[in-house]
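Residue numbering for the sequence shown follows my numbering, beginning at 195 and increasing consecutively.
Even glycine gets a Cβ: it sits at the ideal position worked out from N, Cα and C.
As the structure is a computational prediction, the values presented were derived from the model and not from experiment.
Read the structure below first, then the notes.
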Amino acid sequence: MKISSKWCVAIAMALLSHAAHAQILIGQTAGFTGPVGAGVKETIDGAKLYLDALNAKGGVNGQKIELISLDDKFDPKLAAENARKLIEEQNVAAMFLTRGTPHTEAILPLLEKYSVPLIGPSTGAMVLHQPVKKYVFNVRATYQREAEKAVAHLNSMGITRIGIFYADDSFGADGVAGAQKGLAAAKLQPSVLEKSNRSKPDFAPLAPKVVQTNTQAVIMVASGQAVVDGTKALRAAGSAAQVVTLSNNASSGFIKSLGDNARGVIVTQVFPYERSISYAMVKEAQEMAKAKGSGDISPATLEGFAAAKVLVEGLRRAGTKPTREKIHAALEGIRKLDIGGLEVNFSPEDHTGLDFADLSIIGTDGKFKR
């Protein structure tokens, strides 16, 4: 059968149109509203800085990346349902930047069932590092390392009466384990050790205990609004204890939420100083943010930016038809990947990726200082 030149042109145009619209679907569930909304927004803004710039240049292997983000309102059950929709109905090639420890744990069965890799969960829970979760590729250090470093820093300042407030969930338990390791190394016991309901914490009865025990510093292993409320309760009770919290609260939005109580709060960090251009990744993120007119970057911005770079590298190595299995294999083969001053390494035996940890303090200007 002879095909007319008119039909040949039509077919060619259709193929070109399909190629132009070729895309890789990536899924995300996170608490865009709720107690961690400010931090989630900054993290995803950081990821989009890199992904948008990449898509503007044609994407990866000729395909643009489309991120499908669903709001789980920081509810683990909703996170699991969102992940099911993304994996089963949207057929995403990978999951990306989930937020929260119990939330990420809730989607693990789906990752296993459908062989879906998850890149850059925004949590440092040890349960996602050891034993190795086959489909989870972390791009940050653990909460336990952060908490240990915080205790060591406090002890080096001569602070020995250290209390701990923590959320009654897997995240809280994980952070406490790290703090306890730090205390044991310093041959100390916590002066106060109190847990609170994750969804509805009440610090009113806990804060007076800090005053009664003359506690000098309180490590708060909880999400943004809970730390804000806990700090407010401490000050209302008359405590001047140093407040320390972990990198899950390393966002500009968290600082704003603290209001007048922000100054002097110590926040552990798992990425370089966001104003240190000695790191190529920081300089690159700053330049992209400036070009986009999105203002200053934050530690949370850098977390999303770094995760996006690792995601893209996995997709690049997976080739022109990046199936879930190919992406998984590509990520597991990453060795000595320089993402701009930080080196990412994965193997079948280790999915930690990065092990950077540092401390910062909120200054009078409402910004993190190191």
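The beta strand (DSSP E) enclosing residue 323, as first and last residue numbers:
As a working mapping, residue 323 is identified with position 129 in the sequence shown. Neither: residue 323 is in no beta strand (DSSP E) and is coded neither H nor E.
What does the alpha-carbon distance come out to for the pair residue 215 and residue 501?
By 1-based counting over the sequence shown, the position of residue 215 is 21. By 1-based counting over the sequence shown, the position of residue 501 is 307. Residue confidence for residue 215 is low, a pLDDT of 49 falling below 50, so the modelled location carries little weight and cannot support an answer.
Since residue 330 contacts residue 312 with CB under 8 Å, what's their CB separation in whole angstroms?
For the purposes of this step, residue 330 is taken as residue 136 along the sequence shown, with counting starting at 1. For the purposes of this step, residue 312 is taken as residue 118 along the sequence shown, with counting starting at 1. Taking the Cβ atoms as the reference, residue 330 lies roughly 5 Å from residue 312, within the contact range of under 8 Å.
Helix, strand or coil at residue 335 according to DSSP, with G and I counted as helix:
By one-based count along the sequence shown, residue 335 stands at place 141. In the structure shown, residue 335 adopts coil according to DSSP, grouped into three states.
Are the segment 353 to 366 and the segment 385 to 399 touching, with three or more C-beta to C-beta distances below 8 Å?
In short, these stretches touch, since the Cβ pair count reaches three.
Buried or exposed for residue 423, please, with buried defined as at least 16 other CB atoms from any protein chain shown within 10 angstroms of its CB.
One-based indexing of the sequence shown puts residue 423 at position 229. It counts as buried.
Excluding the 5 residues flanking residue 263 on each side, which residues of the same chain have their C-beta closer than 6 Å to its C-beta?
Residue mapping note: residue 263 aligns to position 69 of the sequence shown, counting from 1. Cβ within range, chain order: 222.
Just to confirm before moving on: does the CB-CB distance between residue 415 and residue 404 stay below 8 Å?
Locating residue 415 in the sequence shown gives position 221, where the first residue counts as 1. Locating residue 404 in the sequence shown gives position 210, where the first residue counts as 1. No, they are not a contact pair.
Cβ-based neighbour list, residue 401, same chain, cut-off 8 Å, excluding 5 preceding and 5 following
As a first step, residue 401 is located in the sequence shown; it is residue number 207 there, counting from the start. These residues qualify, in order along the chain: 424, 427, 428, 430, 431 and 433.
Assuming contact is defined by CB atoms lying nearer than 8 Å, are residue 462 and residue 344 in contact in what I supplied?
Translated into the one-based positions of the sequence shown, residue 462 becomes position 268. Translated into the one-based positions of the sequence shown, residue 344 becomes position 150. Their beta carbons are under 8 Å apart, which means residue 462 touches residue 344 by this criterion.
Taking the straight line between their C-alpha atoms, what separation do you get for residue 487 and residue 380?
Here residue 487 is taken as the residue at index 293 of the sequence shown, counted from 1. Here residue 380 is taken as the residue at index 186 of the sequence shown, counted from 1. When rounded, the distance between both Cα atoms is 46 Å.
N-terminal and C-terminal residue of the alpha helix (DSSP H) that residue 523 is part of:
Position 329 of the sequence shown, counting from 1, holds the residue named residue 523. Where residue 523 is concerned, the enclosing alpha helix (DSSP H) stretches over 518 to 526.
What are the start and end residues of the alpha helix (DSSP H) that includes residue 289?
Against the sequence shown, residue 289 aligns to sequence position 95. Premise fails: residue 289 lies in the beta strand (DSSP E), 288 to 290, not in any alpha helix (DSSP H).
Over the uninterrupted beta strand (DSSP E) stretch that includes residue 389, give me the two end residues.
Numbered from its first residue, the sequence shown carries residue 389 at position 195. Where residue 389 is concerned, the enclosing beta strand (DSSP E) starts and stops at 386 to 390.
From the DSSP output, in three-state form, read off residue 380 for me.
Start at 1 with the first residue of the sequence shown, and residue 380 comes out as number 186. Coil, per DSSP.
Going by Cα to Cα distance, which pick from 364, 339 and 468 is closest to residue 375?
For this step, residue 375 is matched to residue 181 along the sequence shown. Shortest Cα-Cα distance from residue 375 to any of 364, 339 and 468 involves 339.
Once you ignore the five residues that flank residue 592 on each side, which residues in its own chain have a CB closer than 7 Å to its CB?
Residue 592 falls outside the range modelled here, since the chain spans only 195 to 564, and no answer is possible.
If you pair each beta-carbon of the segment 229 to 238 with each one of the segment 445 to 464, do three or more pairs fall below 8 Å?
With the cut-off at 8 Å, the segment 229 to 238 and the segment 445 to 464 touch.
Identify which residue in 553, 485, 522 and 511 has its Cα closest to the Cα of residue 247.
The residue labelled residue 247 in the question sits at position 53 within the sequence shown. When C-alpha distances from residue 247 are compared across 553, 485, 522 and 511, the shortest belongs to 485.
Are the beta-carbon atoms belonging to residue 259 and residue 252 less than 8 Å from one another?
Taking the sequence shown and counting its residues from 1, the one referred to as residue 259 is at position 65. Taking the sequence shown and counting its residues from 1, the one referred to as residue 252 is at position 58. For residue 259 and residue 252, no; Cβs fall outside 8 Å.
Please say whether residue 564 and residue 255 have beta carbons closer to each other than 8 Å?
For this step, residue 255 is matched to residue 61 along the sequence shown. For this step, residue 564 is matched to residue 370 along the sequence shown. In this structure, residue 564 does not lie closer than 8 Å to residue 255 by Cβ.
Beta-carbon contacts of residue 363 that lie in its chain and below 6 Å, excluding the five residues immediately before and after:
Taking the first residue of the sequence shown as position 1, residue 363 is located at position 169. Around residue 363: 296 and 392.
Which value, in whole angstroms, describes the spacing of the CA atoms of residue 365 and residue 417?
Taking the sequence shown and counting its residues from 1, one reaches residue 365 at position 171. Taking the sequence shown and counting its residues from 1, one reaches residue 417 at position 223. Our two residues, residue 365 and residue 417, have alpha carbons roughly 9 Å apart in a direct line.
Which residues does DSSP list as the beta-bridge partners of residue 539?
As a first step, residue 539 must be located in the sequence shown, where it is residue number 345. In DSSP, residue 539 forms a bridge with 547.
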